[in-house]
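Chains as they are written, first to last, in the numbering used here: chain A, 636 to 910; chain B, 61 to 852.
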């Protein structure tokens, strides 16, 4: 299959990209790793594609005291290779190295993945687990960037808090405190495929953050209501999941419970973060 | 022969581990495939394909002003549909329309041909066509296709069945002594063969020569030419078929395509070159056409493990039409004749149906029916062994054909030419370290379990007239021919009608010629894949090339060698019988002359030759048949160690051993390559590949994200051990080996998974063994007998 006819333009600036979104049936494209196949299958037929992958504004990485801000067009490969700093030591790098396969990682971007919001995508669950924040530029060019916690940014399957003229410009990942631990376990039957089940656990006592995110649910990740109970064993994984995702069928619940159990096994032996 | 010469011979002749001559082209991106061909004025073709599995076409409407760019079946004047009628009694023939205009019988069936100067624009045209359908209920389940209330695909038939077959050899008498009777139901999924290169074609009409040239990604250019001549009502002389570099076949390209007939007609009608390149979506939707079998099988055995008889009812989902040339019933005919495998039994009964369903027409895929029957029989055997509390290796050893029985005619009259099957079994059992695995299994707890499984089977290759005539298919192989031509510079051109698309024939046939007449393989060129240049051949399929084309090349070179010796004898003043041909030289004792000089003399300096010189020259066409046409029987034992994660249903292959007997190996590296590649596809069948259909006949995968092929990362490090029992039937003792690797894995892996799960009595009986199927087998076993061990 070949795509239906579309226009293609390379954005010269963020303002440029934003005005192309105004009122027209255009779509932003960066790595094109999810949009491309959908274009070829003619499942999506935008009038035009605006390439933002080289925009300097989206390629910036800024290190702050408490976090690192990644421009949306930073590729998975750049994270994997350590070409950009990893606020978590190596947790992001490890996750990036297992996204799809290298050809996808070379072009796919962190912002593209989050804006596409595939329920099984690695960044969707990892960023939720790491308590990251999305930075969104709205239609009004002079307004300050909106900051949206990741669990509110992803609103459903392939669905985000982005309005029609919004652009996800960056994602801010907090630095963990000393002694923090992390686990991310996903089940893929074959290398490179989207996860069938996944779980991410952050235990960060000095920053008072404990979080268990369950992914690949066919919708946005679910945060367990009482992660400490699951971690200290007072609530079993299957009980916690039955409470958090009661809508899932029994076989899926079982699979997610396996993912959660294995992430718990991982975090028990995980090394503590030291800045 | 000096030691040095012997060493040289080993480097380049039969048995040499020669690097492939085609590697430079294939591995450095220099191949020329269909999609690399462009012609001036060429139009790209896209097909509007049926979105429904079963429907009547009420009306067809073209977009405005598209009469010269959009074509329906009614526009293909004088073109006949494709018919592949089996000669077997009771066969119900079908006619496959080139473009369906009355009824569609599977999703993906071509309805309209659309032409434009780019593929994208041709696809735009397909979207503007208006077809009104009257949808009919679809036949999607082969086990219900013959039900009385099932809708009929072909309305002049009385039931949805191409053919029914019955075999009964001493069955009732054989089962009288049975101590155990074990019944199983098995299923294999429908697959896509998924060569890296899909199908494709460029059709060109030359109005000066009145010659239609079809470039096609095919395994059988001569058969395509014959089929085209039939469908287009043309003389063979008006058609030339060229197969350029072809990126894998596996049986997928052993067919005359409706798309080929259609494009050829349009190229002639419009006098424009036309190209069609199948894309992956077309392949998955319209080309899911192999492997789907269902078995109800019963084994009868004595308490000591002797297999008395097998009773089987097998259904093959043959899809909507009978494909040319292999027909809709080859698969089921094979099931009935090869199910007993390499085992001795007293009685046998087998009933098969080739049923018609609303799915793409079946084609024989690497291994053909063997992958399915090996799975059914070998998993059944392990079931019997467990019941009798004997080991899988013991039940096999008890029933395998023995080396002192060779040659052996089995219960279905298959002629086993040579081999030592028990040795293959013993070596595989030793190589996988069965004893060690058994010991490790005793210490297992928890929900990750290891298991070990075996499968042993034979592969009939290069079988000829008597076998295929018996199966009644329209194309019956009988012979193979080759041309051997010495060029004036002492080079050798070989011309064969088979086609090499990954088999390494450019190398192996050169090695055979090198052994016969001592010309350096570097100076040997294989001309193939073009009906204008090569002798007629049924093509590359059925693991026949190394035996048949290899035999033909050997025969032609032998004959050419005699002629070279005669001329050399004259030039050296020696008796031709005393002349040897080695290392590019013709030698009699200490006097030698180069073969190049012999060639130059014949072509350019005939004044040096006597008046009574043989005027047939140095250009030989020779034919070849095996001494008996029942086929060579290569065989193998696969042994695999797996780990089953009982919480995920995930199967990991930890170790894999193949002990393989290909007879005399022409090039052991190429044999290894065939076995590795085949095993990868067999692992795909075992664990991953499945095209599911819903109740309306819709295929449920249309991209490779949903249709799972085995990946490099899924491959274990396969260890191959060779045995080398020559075949008495072939020229050099070689046996066909092309399909073997793809036959054994589903059976061996299923046996290993079932071994791992035997402590709870779970058995997987359907491939692919997806996590869902493994979990469901575990769940049903645990329901009846709760397991020990941790559970979450």
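No residue lacks a Cβ here, since even glycine has one placed at the ideal position from N, Cα and C.
Alpha-carbon to alpha-carbon, residue j and residue i
i: residue 690 of chain A; j: residue 802 of chain A; result: 12 Å
i: residue 891 of chain A; j: residue 807 of chain A; result: 28 Å
i: residue 393 of chain B; j: residue 516 of chain B; result: 21 Å
i: residue 351 of chain B; j: residue 754 of chain B; result: 18 Å
i: residue 431 of chain B; j: residue 242 of chain B; result: 21 Å
i: residue 747 of chain B; j: residue 442 of chain B; result: 19 Å
i: residue 622 of chain B; j: residue 615 of chain B; result: 11 Å
i: residue 429 of chain B; j: residue 330 of chain B; result: 42 Å
i: residue 810 of chain B; j: residue 388 of chain B; result: 28 Å
i: residue 850 of chain B; j: residue 509 of chain B; result: Annotation note: pLDDT 43 at residue 850 of chain B (below 50); position unreliable, no value reported.
i: residue 776 of chain B; j: residue 827 of chain A; result: 17 Å
i: residue 227 of chain B; j: residue 211 of chain B; result: 28 Å
i: residue 294 of chain B; j: residue 140 of chain B; result: 11 Å
i: residue 818 of chain A; j: residue 795 of chain A; result: 25 Å
i: residue 649 of chain A; j: residue 655 of chain A; result: 10 Å
i: residue 805 of chain A; j: residue 746 of chain A; result: 7 Å
i: residue 367 of chain B; j: residue 359 of chain B; result: 7 Å
i: residue 476 of chain B; j: residue 424 of chain B; result: 22 Å
i: residue 852 of chain B; j: residue 824 of chain A; result: With a pLDDT of 41 at residue 852 of chain B, under the threshold of 50, the predicted position of this residue should be treated as unreliable, though the coordinate-derived value follows. Those two C-alpha atoms are separated by around 20 Å.
i: residue 773 of chain A; j: residue 748 of chain A; result: 19 Å
i: residue 731 of chain B; j: residue 168 of chain B; result: 36 Å
i: residue 668 of chain B; j: residue 259 of chain B; result: 52 Å
C-beta neighbour in chain A for residue i, strict 8 Å
i: residue 61 of chain B; result: In this predicted model, residue 61 of chain B has a pLDDT of only 49, less than 50, meaning its place in the structure is not dependable enough to derive any value.
i: residue 183 of chain B; result: yes
i: residue 85 of chain B; result: no
i: residue 812 of chain B; result: no
i: residue 180 of chain B; result: yes
i: residue 774 of chain B; result: yes
i: residue 771 of chain B; result: yes
i: residue 273 of chain B; result: no
i: residue 505 of chain B; result: no
i: residue 580 of chain B; result: no
Residues bridged to residue i (per DSSP)
i: residue 106 of chain B; result: B:174
i: residue 834 of chain A; result: A:820 and A:849
i: residue 403 of chain B; result: B:460
i: residue 410 of chain B; result: B:227 and B:372
i: residue 358 of chain B; result: B:243 and B:371
is_contact[residue i, chain B] using C-beta, thresh 8 Å
i: residue 803 of chain A; result: no
i: residue 681 of chain A; result: no
i: residue 684 of chain A; result: no
i: residue 793 of chain A; result: no
i: residue 819 of chain A; result: no
i: residue 904 of chain A; result: no
i: residue 911 of chain A; result: Here chain A comprises residues numbered 636 to 910, so residue 911 of chain A is not present and cannot be evaluated.
i: residue 866 of chain A; result: no
i: residue 927 of chain A; result: This structure gives no information on residue 927 of chain A, because the portion of chain A shown stretches from 636 to 910.
N- and C-terminal bounds of the alpha helix (DSSP H) containing residue i
i: residue 913 of chain A; result: Outside the displayed span of chain A (636 to 910) sits residue 913 of chain A, for which this structure offers no information.
i: residue 324 of chain B; result: 318-330
i: residue 794 of chain B; result: Residue 794 of chain B -> no alpha helix (DSSP H), and no H or E assigned at all.
i: residue 903 of chain A; result: 885-903
Run of the beta strand (DSSP E) containing residue i, from where it starts to where it stops
i: residue 720 of chain B; result: 710-721
i: residue 696 of chain A; result: 696-698
i: residue 783 of chain B; result: 778-783
Residue i CB to nearest heavy atom of the ligand NAD below 7 Å
i: residue 438 of chain B; result: No copy of the ligand NAD appears in this structure; indeed no ligand is present at all.
Any beta strand (DSSP E) of 3 or more consecutive residues that is wholly inside the region 147-231 of chain B: Annotation: the region 147-231 of chain B contains the following complete segments of the beta strand (DSSP E) (minimum length 3 residues), in chain order: 170-176, 190-195 and 221-229.
Completely contained beta strand (DSSP E) runs for the region 585-670 of chain B, where each covers 3 or more residues: As for any beta strand (DSSP E) of minimum length 3 sitting wholly inside the region 585-670 of chain B, the runs are 640-642, 645-648 and 651-654, ordered along the chain.
Length at least 3, wholly inside the region 701-753 of chain A: the beta strand (DSSP E) runs in chain order: As far as the region 701-753 of chain A is concerned, its whole beta strand (DSSP E) runs of at least 3 residues are 702-706.
Ranges of the alpha helix (DSSP H) found wholly within the region 767-821 of chain A, counting only runs of at least 4: Within the region 767-821 of chain A, the complete alpha helix (DSSP H) segments at least 4 residues long are 785-788, listed from N- to C-terminus.
Segments of 3+ residues assigned as beta strand (DSSP E) that fall wholly inside the region 492-567 of chain B: As far as the region 492-567 of chain B is concerned, its whole beta strand (DSSP E) runs of at least 3 residues are 508-521, 540-546 and 552-556.
Interfacial residues, the region 679-711 of chain B to chain E, with Cβ spacing under 8 Å: Looking for chain E here will not work: the only protein chains present are A and B.
Residue ranges of each alpha helix (DSSP H) within the region 427-453 of chain B, 4 or longer: List check, alpha helix (DSSP H) in window: 430-448.
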